[in-house]
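Mapping of the sequence shown onto this note's numbering: residues 455 to 641, in sequence order. Where a beta carbon is used, it is the ideal one built from N, C-alpha and C, also for glycine.
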Amino acid sequence: MEEDIKKAIEVLKAGGTIIYPSDTIWGIGCDATNFKAAQKIYNIKSRKGKSNFIVLVDRIEKISEYVSKLPDITMDLLDSIDFPTTVIYPGAKNLAKNVMAADGSIAIRVVKSGFSHELIKKFGKAIVSTSANFSGEPAPVMFKDISKDMLKMVGYVTETGRTTLKEAKASTIIRLKPNGEFEIIRE
């Protein structure tokens, strides 16, 4: 796994894209602060128009690097959740403009373990996470579900997790409002 992480980080630092096992499903990722790298993902996925990305961090404390003001409820909410949950925060900062939503918000998930946690921890910055599929196709739960064409379009495909058989699903998504209220977008 260490060699895999090293190779993935080299590609991320060079502004490239990777396919990797996230804490939920297989994803395409890049440096979330790099506009050109994020644009590559839009091109790979054949997305028409702007669609929002999820950004992954390795610990709760990193969220404040990418969100202007965290509502007081944030830490309690995240500490109480034990399944992959993406939270949409208002007031994104320090991220590529094409990674943020049009309203200035950003969807962030804290990855607590596994390959993607170690990758983000060693990379030291947030990475983009979007499903490793072309727009309109089903999200890949297992490596074998990823299009061979897509595998050829990225800078690096990790070896880690290719043979893992797991029941995975996309994360729960919660929108956190500036007043501390939240709504569930996807369960």
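Check, Outcome
"Rounded to the nearest angstrom, what separates D485 and K516 at their Cα positions?", "15 Å"
"Thinking C-alpha only, which one of N633, D603, M554 is nearest A580?", "M554"
"Distance check for D530 and S518, CA to CA, integer angstroms please.", "15 Å"
"Report the rounded CA-to-CA distance for K467 versus I574, giving the unit in angstroms.", "12 Å"
"Leaving out the 5 sequence neighbours to the left and right, which residues in its chain are closer than 8 Å to L630 when beta-carbon positions are compared?", "P525, I527, T528, L531, V541, I542, Y543, P544, F636"
"By a C-beta neighbour count over all protein chains shown, 10 Å radius and 16 as the cutoff for buried, is F642 buried or exposed?", "Lying before the first or after the last residue shown, residue 642 is absent from the chain, which here runs from 455 to 641."
"Need the endpoints of the beta strand (DSSP E) that V582 sits in, please.", "581-585"
"Taking buried to mean at least 16 other C-beta atoms within 10 Å of its own C-beta, is N497 buried or exposed?", "exposed"
"Going by DSSP in three states, T626 sits in which element: helix, strand or coil?", "strand"
"Given a cut-off of 7 Å, decide if V565 and L510 are closer than it, judged by their beta-carbon atoms.", "yes"
"For A593, which three-state DSSP category applies?", "coil"
"If S570 and P475 are in contact, beta carbons under 8 Å, what's the gap, nearest whole angstrom?", "7 Å"
"Using DSSP bridges, identify the partner residues of G483.", "I472"
"What three-state label does DSSP hand L510 in the structure shown?", "strand"
"What are the complete alpha helix (DSSP H) segments, minimum 4 residues, inside the stretch 510-550?", "527-534"
"In whole angstroms, what is the alpha-carbon distance linking T612 and D458?", "6 Å"
"For D512, count the other beta carbons within 10 Å of its own beta carbon; 16 or more makes it buried, fewer makes it exposed. Which is it?", "buried"
"Looking at the strands, I want to know which residues DSSP matches up with V565.", "Paired residue(s): none; V565 is not in a bridge."
"Tell me the DSSP secondary structure of V611 in three-state form.", "strand"
"Taking Cβ to Cβ, would you say S522 is nearer than 7 Å to F588?", "no"
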